[in-house]
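Beneath this line is the structure, given in structure tokens, with notes to follow.
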Amino acid sequence: FVHVLDQYAGRDDSNRYTVGSNARVRFTPKNHPLTDNDILAVVHTVASRTGATGYGHIYHVFLPSGTDECFDSSFSVCYSPDVPSTWFFCAYHGSADFKDIGHVLYSVEPYQNVIGCSDPPGTPNGQLVDSTNDTLSHEFFETVSDPDGDGWWNATPSVTGLEGEEIGDECVFITPPSFGDPSVFTIGQKLYAVQLEYSNGHHGCAGTPERD
Numbered sequence: 008f009v010h011v012l013d014q015y016a017g018r019d020d021s022n023r024y025t026v027g028s029n030a031r032v033r034f035t036p037k038n039h040p041l042t043d044n045d046i047l048a049v050v051h052t053v054a055s056r057t058g059a060t061g062y063g064h065i066y067h068v069f070l071p072s073g074t075d076e077c078f079d080s081s082f083s084v085c086y087s088p089d090v091p092s093t094w095f096f097c098a099y100h101g102s103a104d105f106k107d108i109g110h111v112l113y114s115v116e117p118y119q120n121v122i123g124c125s126d127p128p129g130t131p132n133g134q135l136v137d138s139t140n141d142t143l144s145h146e147f148f149e150t151v152s153d154p155d156g157d158g159w160w161n162a163t164p165s166v167t168g169l170e171g172e173e174i175g176d177e178c179v180f181i182t183p184p185s186f187g188d189p190s191v192f193t194i195g196q197k198l199y200a201v202q203l204e205y206s207n208g209h210h211g212c213a214g215t216p217e218r219d
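Add 7 to the 1-based position in the sequence shown for the numbering used here, that's all there is to it.
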């Protein structure tokens, strides 16, 4: 499945996406809800500890149930299931440049087992697990294909309204031949419920790489 990214990364070697380093750090939030600056403070602390920076590393930040997070201190664009008027996203990815450690890629995955973000009931690993890995897959694929927001995205106006979207956005909540998210298929020897990703080779949403 991950080899759908080959066309965007320009590589097709195996085992290039491995689980990296981690670090246990203490952090006292300055804001409630959390903001992206709070996330960046955590990412900076962990990346400083591990020394893993640049385009070959991604830091995924998972938030516990009941933790809201907003883009900035205006608290107007947020993950906030408890405040519908400011709730605009389920997760996102980004990048930042730090003077001391350089370029860092990261994603933010709030608690996903809430209406509006969760997968439907009946997935192989349960709603909480599959909702989380579905969103993680979405953000991982988009971080690799569009790490800084200037990589791959759909620039073609269409009747679907998907122009300006990344490869995960093109396929979220779509699984052929009918609507409904996610797709269930085997990765290795285990069933996962994860969405498909857009493939230029397939000219559509795909779960396998295009082989010419």
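Using N, Cα and C, we set each Cβ at its ideal position, and we do this for glycine too. Just so you know, these numbers come straight off a predicted model, no measurement behind them.
In angstroms with no decimal places, state the Cα-to-Cα distance between T215 and T35.
42 Å
On the three-state DSSP scale, how would you describe D104?
strand
Scan the segment 106–179 and note each continuous alpha helix (DSSP H) run of 4 residues or more that stays entirely inside, going in chain order.
134–152
Considering only the beta carbon of each residue, do D153 and A200 sit closer than 8 Å?
no
By a C-beta neighbour count over all protein chains shown, 10 Å radius and 16 as the cutoff for buried, is Q196 buried or exposed?
exposed
Could you compute how far the alpha carbon of V46 sits from the alpha carbon of Y205?
It is Ile, not Val, that sits at residue 46 in the sequence shown. Looking at the two C-alpha atoms, the distance is approximately 28 Å.
Within its chain, find whatever has a CB closer than 7 Å to the CB of E172; leave out the 5 residues flanking it on each side and keep chain order.
W160 and N161
One question on the structure: do G101 and Y86 come within less than 8 Å of each other, judged by their Cβ atoms?
no
Using beta-carbon positions only, say whether V115 and A98 come within less than 8 Å of one another.
yes
So does the segment 24–33 actually touch the segment 45–62, counting three or more Cβ pairs closer than 8 Å?
yes
Tell me the DSSP secondary structure of A54 in three-state form.
helix
Per-residue DSSP class, three states only, for G187:
Any answer about G187 is weak, because its pLDDT of 45 lies below 50 and its placement is not dependable; what the coordinates show is given next. Reduced to three states, the DSSP call for G187 is coil.
Looking at the structure shown, is S83 part of a helix, part of a strand, or coil, going by DSSP?
coil
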